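S.K.: What follows is a structure written as structure tokens; I'll ask about it next.
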DNA sequence: TATTGTTATACTCTATAACTATA
DNA sequence: TATAGTTATAGAGTATAACAATA
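Chains as they are written, first to last, in the numbering used here: chain A, 17 to 173; chain B, 17 to 173.
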């Protein structure tokens, strides 16, 4: 279907669609942000600072990285990352190993203890959400299952 | 349907359901957190600190509050809130008015400038999301519309 | 005397600048 | 000379303790 004025749809239909998308965007953003806040509350680790948790999470997602790469990923400066890593090393959560060929670089990796801690944290939050999911109808869970995939795609775009 | 052992389902069915719920919880949590991060990146206001943004957001959601109520809401101590509010007042984003009957208390409220700023910020993030939604199929948007309502309920529980 | 809000001071986290070691 | 990482020092942000005003 095409129109003489070169647009794919008449102006009124365009406006209606745009309004609908904006409305869906608004309610979806609100729901996602609120549930995100709620899930973050279940974390409540307290023993690590947010920066330390973020660094561990990045290492878990990306595998071993250099301090510089970590700093760039977290949008902080290398000296700040040095302090974060020093703390994590003291807690036995990361290892700092020399780079095999370049003596200047350092390879930071998670210790088994860190992996276990991350999984435990994840498990606790999943448990809270799984309990809530059990109270939904099967149809609602199917909706969420389909939505999860779409939301994941949106996050990556 | 009931069983002689008093459980609603035989053990295998219970296990299967539990695993399914845990799996759905895991993928849903990941998607929600990731999209939340992505949406937060669209904010990028830079002119206000995160604490200041949070205070404005709370005032916008709850209406006028006292500094103490605000501090409790943000889980910080009253002196810290004093500094945050001093900054916001200097920027013309909040008003501090005396309580009508209790001379000790102060009523903090948003200025019109703050409301406009908050709406502008919201509009920008909604615009990003609305653009992404336009690229989905109608069926996918319907799924998200249904999911938004369910996610909102989960966040409130 | 108890409560609200503020001021005074200390601590934590991050940033910039300077330094050391390696390429 | 350039780069990776660390150390030294300074600037935000928050906390605890002390203070002033009101109930």
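All residues carry an ideal CB built from backbone N, CA and C; glycine is no exception. Just so it is clear, the structure is predicted and the values come from calculations on it, not from any experiment.
Pull out every residue of the segment 154-168 of chain A whose Cβ sits closer than 7 Å to any Cβ of chain B, in chain order.
M.R.: Going along the segment 154-168 of chain A in chain order, one finds 156, 157, 159, 160, 161, 162, 163, 164, 166, 167 and 168 with a Cβ nearer than 7 Å to chain B.
S.K.: Residue 163 of chain A: buried (16+ other C-beta within 10 angstroms of its C-beta) or exposed?
M.R.: Residue 163 of chain A should be labelled buried.
S.K.: Have a look at the DSSP bridge pairing and note the partners of residue 114 of chain B.
M.R.: Answer by DSSP bridge pairing, in chain order: B:122.
S.K.: Give every residue of the same chain whose Cβ lies closer than 8 Å to the Cβ of residue 81 of chain B, excluding the five residues on either side of it in the sequence, and list them in chain order.
M.R.: Excluding sequence neighbours, residue 81 of chain B sits near 74, 75, 89, 123 and 124.
S.K.: For residue 55 of chain A, does the three-state DSSP call read helix, strand or coil?
M.R.: Reduced to three states, the DSSP call for residue 55 of chain A is helix.
S.K.: Locate the alpha helix (DSSP H) running through residue 100 of chain A, then write down its first and last residues.
M.R.: It spans 94-106 - the alpha helix (DSSP H) in which residue 100 of chain A sits, taken as one unbroken run.
S.K.: Does the separation of the CB atoms of residue 145 of chain B and residue 44 of chain A fall below 8 Å?
M.R.: Closer than 8 Å, so yes.
S.K.: Closest Cβ-Cβ distance between residue 126 of chain B and chain A: below 8 Å?
M.R.: No, residue 126 of chain B does not count as interfacial toward chain A.
S.K.: Does residue 171 of chain A get closer than 8 Å to chain B when you measure Cβ to Cβ?
M.R.: Output row for residue 171 of chain A: interface = yes.
S.K.: Distance check for residue 160 of chain B and residue 153 of chain B, CA to CA, integer angstroms please.
M.R.: The straight-line gap from Cα to Cα measures roughly 11 Å.
S.K.: Give a yes or no on whether the C-beta atoms belonging to residue 55 of chain A and residue 141 of chain A are separated by under 8 Å.
M.R.: Going by C-beta atoms, residue 55 of chain A is nearer than 8 Å to residue 141 of chain A.
S.K.: For residue 81 of chain A, write down the residues that DSSP places opposite it in a beta bridge.
M.R.: Paired residues: A:124.
S.K.: For residue 120 of chain B, which option in B:83, B:59 and B:48 has the closest C-alpha, if you only look at C-alpha atoms?
M.R.: When only C-alpha atoms are compared, the closest one is B:83.
S.K.: Let's test the definition: count the other Cβ atoms within 10 Å of the Cβ of residue 115 of chain A and tell me whether it reaches 16, buried, or not, exposed.
M.R.: With fewer than 16 Cβ atoms within 10 Å of its Cβ, residue 115 of chain A is classed as exposed.
S.K.: Sorted by chain position, which residues of the same chain lie with C-beta nearer than 7 Å to residue 103 of chain B's C-beta, five sequence neighbours on each side aside?
M.R.: Result list for residue 103 of chain B: 68, in chain order.
S.K.: Give me the subset of the segment 52-82 of chain B whose CB atoms are less than 9 Å from a CB atom of chain A, sorted by chain position.
M.R.: Correct list: 52, 53, 54, 55 and 56.
S.K.: Distance, Cα to Cα, residue 136 of chain B vs residue 57 of chain A?
M.R.: Using only the alpha carbons, I get a separation of about 27 Å.
S.K.: I need the boundaries of the alpha helix (DSSP H) containing residue 152 of chain A, first residue and last residue.
M.R.: Taken as a continuous stretch (DSSP letters only), residue 152 of chain A belongs to no alpha helix (DSSP H), as it is neither H nor E.
S.K.: With a CB to CB cut of under 8 Å and the five nearest residues on each side skipped, what residues in its chain are close to residue 168 of chain A?
M.R.: Nothing listed; no residue qualifies.
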